[in-house]
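In the working numbering, the protein residues as written are 109 to 181.
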């Protein structure tokens, strides 16, 4: 298991990113993908590495509700 610091941004269609709920948590997981599949509310829409090397996973319901997870080791 790896330890990650996870920045979670929850956005809805009314407020978007500007008014999204933001939280920072620490988790232990096999991988970022495994954590999101086990604990996420929505299916994965996109996954990439940002310029800092962090794993970013975006999930959503296809109707404007989006949750973005940024995993830092």
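Glycine residues also receive a C-beta, built at the ideal position from the N, C-alpha and C atoms. Just so you know, these numbers come straight off a predicted model, no measurement behind them.
Same chain, Cβ closer than 6 Å to residue i, five either side skipped, listed in chain order
| i | result |
| --- | --- |
| residue 117 | 128, 130, 176 |
| residue 133 | 114 |
For residue i, the nearest candidate out of the options (CA to CA)
| i | options | result |
| --- | --- | --- |
| residue 115 | 169, 143, 109 | 143 |
| residue 136 | 111, 148, 157, 158 | 111 |
Euclidean distance between Cα positions of residue i and residue j
| i | j | result |
| --- | --- | --- |
| residue 181 | residue 113 | 6 Å |
| residue 138 | residue 179 | 12 Å |
| residue 172 | residue 155 | 18 Å |
Integer-rounded CB distance, given that residue j should sit under 8 Å from residue i
| i | j | result |
| --- | --- | --- |
| residue 157 | residue 166 | Between residue 166 and residue 157 the Cβ distance is about 13 Å, and since that is not below 8 Å, they are no contact. |
Beta-carbon proximity list for residue i, same chain, < 8 Å, skipping 5 on both sides
| i | result |
| --- | --- |
| residue 152 | 141, 144, 145, 165, 166, 167 |
Beta-carbon proximity list for residue i, same chain, < 7 Å, skipping 5 on both sides
| i | result |
| --- | --- |
| residue 169 | 150 |
Inset, instruction - Tell me the start and end of each unbroken alpha helix (DSSP H) in the segment 124–179 that is at least 4 residues and wholly inside, in chain order. - result: 140–147
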